[in-house]
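**Student:**
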Amino acid sequence: MRDPSALRAAVADPARLAAVDACGLDGCGADPDLEGVVAHVAGVLRAPVAALELVRPGRQWFPAERGLRWTSSEVPDELSPGAHVVATGTALNVADARGHPVFRHHPLAARGLVRSYLGVPLVDEDGFVLGALAVADRHPRRFSAADREVLRSQAHLVRTLLALRRRVSVHERDARLLEAQRDVLEAIAAGQPLPAVLDRLARHVEALLGPDVLCSVLLAGEDGTTVRDGAGPSLPAAYRAAVDGLPVAEGVGSCGTALHRRAPVVTDDITTAPEWSAYRALAAEHGLAACTSLPVLAEDGTALGTFALYRRSPGAVPLDGVVPALRDLTRVAIERDRSARELIRLATRDTVTDLLNRTAFLDAARRALADVPAPGAVHAVLLADVDHFKIVNDSLGHAAGDAYLRTAADALRSALRPHDVVCRFAGDAFTAVLPHVDPGAALEVAERVGACFTVPVRVPGRVLHLTASTGLTTTALSGTTDLDVLLRDADEAMHVAKRSGRSRVRVYDAEMQRFAAARLGTALALRDAVGTDQFSLHYQPEVETVTGRLVGFEALLRWTRPGVGPVPPAEFIPVAEGIGLIAELGRWVLTSACHQVARWRAEQPSARDLTVWVNVSPHQFGDEGFADEVVAALEGAGVPGTALGLEITESALMVDEAAARSILTRLRRLGVRVAVDDFGTGYSSLSTLRTLPVDVVKVDRSFTSRLGEGPGDVRIVEAIVAVAHALGLSVVAEGVEHEHQRDVLHALDCDLAQGYLFGRPAPPERFEQALALRERTSADGSPAWRAGARSGWSPAAPGRA
């Protein structure tokens, strides 16, 4: 970019800087996943230097690097290759920095440490260019277009890793916020002095928001015209003394101006902000570059003080849900004479919507239901759950989701009567108890409640249009005033609304009672079925993607219920988990599968290297005797450990990594192979694959089903295959139903595949001919799985089990 001012403006864009901060990588220490990507890039491109480079004005830092040995550098934006990538949004390829009119002045180039450079933009989910994924050489080198594509594919993987990290960090931050709130409230309740409480609060704020944030609390003077120092544990003492006693007025920094305006003042850059014109030298003397200040006001509007967040580099602290929540705690701490009322509010209200929280709702609802309904009236209970709300949080962020919930809550208050009891019951679920309502009017109220969630919500750059599914029951329909039963029945009706197409109201009725009773009947029948011949195993083939050669089978549990017939696994497996039978069923599957592979190996010479794969539930894997059960099953069937593979979900492995490592290490010594099942749908990190003794990654069918329909899923599968192979793992793609999917997997170098294209799950006897055909090729040259298909064990029509 030739225009230096445009380059600096692009790098200093506040929204982009907020996106960089949201990554949480500044000063966080090494990240194994990112280090692994950088090491992979350096190895593939044979580059002595590779780095993930994040860019702030005048500063670049490297959360992951190989061969650079720098964690950060401070050079002007004009000399920074990463800054140029940010400003242009395109790749930068410098063959020889010494001959380049700009980059020859870069310290690394001047010292001969870097001569050539290739960097591609690192773009987050919102489209902001955070920096670059780059490689460099110590000799002149013209990187090729193929090198650039390798970097781009890995930058896409980094984007996915950062998005996952961001979501996890949000959950962790919320937990820490709750802990901070609890700690400060306990200090207030214990009667600690105000300076000690405010100091404790400020330290929690700084711990929550990061090392670059310095918290300050100023207290309004007695007459409300000046402010005095309240807290600022990380601010220089001289600065705190200088601002002590400043007037509340326009142009007195961010704090004096915010309290004067009764509104937040966000100063991205103190050197250019008009409200700091008289205090710029003071801020510069103490290294302060930005300030976000929120006025702290009593409920009656009385000025109590300011809650401020300083930074030592330009860029404001975002006003997300954490900042207002902590500012509210500041108000509670300052307004001691009103603390009792304020503490009650914090203890009984949801912090996002200001509706009753769950505990307060349950108390109020039981009191309302204890009243005998008026003649001709009933008590009604509603449960509304927002449809597809997770999409909002995942795609637009929690701030957008919170904005929607607040708007919906405001609409609910307007739609209901003052004495109705309404609550945010869970993340995106709302409940209401309507005492003494006409039975006919209850449905109308439920429709109004559902409409509250269709209110459009404006967030930066777009308008949200969501819906909700609502369940309704009454004391007459459920035949009780027991709140737990009423909530259960309203929840059942809500789920029926979702199954019926969402965005509608369903009233609890006899059919739903029958459905609930059917689930109970399934549970009872499952208990009776254990130990009988009602269960059986079907097997689905697993083949090599390139040759079509049969290499193993996955054992799948089937249940034929007397008087009913085959019950889909999706119906009885969750019930078995819920009633604690899944571990016992899992042991039966393990034992039966080992005996079956033993028979195949004994009867078919070509089957002596076959592997049978068994799914292991989290409940079964978490049992301390699980490894012993596997050993007993192998010994009982007389087969070696190499005959068995275990498929374990990401979530089961993540519960206790140390215990999982111990169990898997013992099984690996026996030759048992381990596959991470449904990879890409859980919350594990790539470091899990590096540290746990696993052999195979199974790509979930949700990715393979759309292969060929667009580039997104292809890139995801490509990234999974690349990373798995880099870690020495094999890759199996599940749910392959069409030849074009197999062709894409072949092109991506995926090792194995499984799905209806190669064979539906079937009883073991259906595969005898297929095993006989193994190791052979049909007369027309087609692979073994096609020959098997002609022999009758691989129906052509795709579908789901």
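Residue numbers for the sequence shown follow this note's numbering, beginning at 112 and rising by one. Glycine included, C-beta positions come from ideal geometry on N, C-alpha and C.
Excluding the five sequence neighbours on either side, which residues of its own chain have a C-beta within less than 7 Å of the C-beta of Leu319, listed in chain order?
**Tutor:** For Leu319, where only same-chain residues beyond five positions count, the Cβ hits under 7 Å are Arg284, Arg287, Leu288, Ala291 and Val433.
**Student:** Measuring CB to CB, does Gly819 end up less than 8 Å from Gln852?
**Tutor:** Going by C-beta atoms, Gly819 is nearer than 8 Å to Gln852.
**Student:** Which residues bound the alpha helix (DSSP H) around Ala713?
**Tutor:** Element bounds for Ala713: Ile693 to Glu714.
**Student:** With DSSP collapsed to three states, give me the class of Ser889.
**Tutor:** Because the pLDDT of Ser889 is 34, which lies under 50, any placement of that residue in the model is unreliable, and the number read from its coordinates should be weighed accordingly. Ser889: coil per DSSP, three-state reduction.
**Student:** What residue range is occupied by the uninterrupted beta strand (DSSP E) comprising Thr518?
**Tutor:** Thr518 -> not in any beta strand (DSSP E); alpha helix (DSSP H) instead, spanning His509 to Ala526.
**Student:** Put Gln624 into one of helix, strand or coil per three-state DSSP.
**Tutor:** Reduced to three states, the DSSP call for Gln624 is helix.
**Student:** Does the Cβ of Leu136 have 16 or more other Cβ atoms within 10 Å, making it buried, or fewer, making it exposed?
**Tutor:** Label assigned to Leu136: buried.
**Student:** Helix, strand or coil for Gln651 per DSSP?
**Tutor:** The answer is strand: DSSP assigns Gln651 an E or B state.
**Student:** Consult DSSP for Arg373 and reduce its assignment to one of helix, strand or coil.
**Tutor:** Reduced to three states, the DSSP call for Arg373 is coil.
**Student:** By the DSSP assignment, the alpha helix (DSSP H) with Pro125 in it spans what residues?
**Tutor:** Residues Pro125 to Ala133.
**Student:** How would you label Ser816, buried or exposed, when you count the other beta carbons within 10 angstroms and need 16 or more for buried?
**Tutor:** So Ser816 ends up on the buried side.
**Student:** By how many angstroms is the C-alpha of Val197 removed from the C-alpha of Ser813?
**Tutor:** In a straight line, the C-alpha of Ser813 is about 33 Å away from that of Val197.
**Student:** Leaving out the 5 sequence neighbours to the left and right, which residues in its chain are closer than 7 Å to Pro218 when beta-carbon positions are compared?
**Tutor:** These residues qualify, in order along the chain: Val186.
**Student:** For His836, I'd like the list of residues in its chain whose CB is within less than 6 Å of its CB, leaving aside the five on either flank, ordered along the chain.
**Tutor:** Around His836: no qualifying Cβ.
**Student:** Could you tell me the distance, in whole angstroms, from the CA atom of Tyr794 to the CA atom of Glu558?
**Tutor:** Any reading at Tyr794 must be qualified, since the residue scores a pLDDT of 45, below 50, and its modelled position is unreliable; no value is offered.
**Student:** Look up Ser255 in the DSSP assignment and say whether it is helix, strand or coil.
**Tutor:** Here Ser255 sits in coil by DSSP.
**Student:** To which residues of the same chain is Val560 closer than 7 Å at the C-beta, ignoring the five residues directly before and after it?
**Tutor:** Cβ neighbours of Val560 beyond the five flanking positions: Leu493, Ala495, Leu523, Ala526, Ala543 and Thr581.
**Student:** Going residue by residue through the stretch 356-414, where are the continuous beta strand (DSSP E) segments of at least 3 residues, counting only ones entirely within it?
**Tutor:** Taking only runs of at least 3 residues, the beta strand (DSSP E) segments lying wholly in the stretch 356-414 are 376-378 and 401-408.
**Student:** For Leu305, which residues in the same chain have their Cβ closer than 8 Å to its Cβ, ignoring the five residues on either side in sequence?
**Tutor:** So the list reads Gly341, Ala444, Ile445 and Arg447, once near-sequence residues are dropped.
**Student:** Just to confirm, are Leu863 and Thr656 a CB contact at a threshold of 8 Å?
**Tutor:** A contact, by the Cβ cut-off of 8 Å.
**Student:** Which of helix, strand or coil does DSSP assign to Glu848?
**Tutor:** Here Glu848 sits in coil by DSSP.
**Student:** Would DSSP call Arg867 helix, strand or coil?
**Tutor:** As written in the sequence, residue 867 is Tyr, which differs from the Arg given in the question. Looking at Tyr867 - three-state DSSP - the assignment turns out to be coil, as it is neither helix nor strand.
**Student:** Excluding sequence positions up to five away, which residues of its chain have a Cβ less than 7 Å from the Cβ of Pro251?
**Tutor:** Ala206, Asp207, Arg226 and Ser227.
**Student:** With DSSP collapsed to three states, give me the class of Ala175.
**Tutor:** Correct three-state label for Ala175: strand.
**Student:** With distances taken from CA atoms, which of Pro529, Arg535 and Thr584 is nearest Glu555?
**Tutor:** Checking every option, the nearest Cα to that of Glu555 belongs to Thr584.
**Student:** Quick one, which of Gly210, Ala300, Arg263 and His490 has its alpha-carbon nearest Gly230's?
**Tutor:** With distances taken between Cα atoms, Gly230 lies closest to Arg263.
**Student:** Helix, strand or coil for Ala912 per DSSP?
**Tutor:** Because the pLDDT of Ala912 is 39, which lies under 50, any placement of that residue in the model is unreliable, and the question is left without a value.
**Student:** What is the C-beta distance between Thr403 and Ala392, in whole angstroms, given that I count them as a contact (C-beta under 8 Å)?
**Tutor:** With 8 Å as the limit, Thr403 and Ala392 do not qualify as a contact, their Cβ atoms being about 21 Å apart.
**Student:** Roughly how many angstroms separate the alpha carbons of Leu430 and Val723, rounded to a whole number?
**Tutor:** Roughly 54 Å separates the two Cα atoms.
**Student:** Which of helix, strand or coil does DSSP assign to Gly147?
**Tutor:** In the structure shown, Gly147 sits in a helix (DSSP, three-state: H, G or I).
**Student:** In the DSSP assignment, find the unbroken alpha helix (DSSP H) run with Tyr228 in it and report its ends.
**Tutor:** First-last for Tyr228: Ser227 to Val234, but that is the beta strand (DSSP E), not the alpha helix (DSSP H).
**Student:** Should Lys501 go down as buried or exposed, given a rule of 16 or more other Cβ atoms within 10 Å for buried?
**Tutor:** Under this definition Lys501 is an exposed residue.
**Student:** Suppose the cutoff is 6 Å on Cβ atoms and the five residues either side in sequence are ignored; what does the same chain contact list for Ala129 look like?
**Tutor:** Around Ala129: Pro429.
**Student:** What are the complete beta strand (DSSP E) segments, minimum 3 residues, inside the stretch 456-490?
**Tutor:** List check, beta strand (DSSP E) in window: nothing returned.
**Student:** Under 8 Å between the Cβ atoms of Val122 and Asp188?
**Tutor:** Yes, these two residues count as a Cβ contact at 8 Å.
**Student:** What number of angstroms, rounded off, separates the C-alpha of Asp539 from the C-alpha of Glu164?
**Tutor:** Taking the straight line joining both Cα atoms gives about 37 Å.
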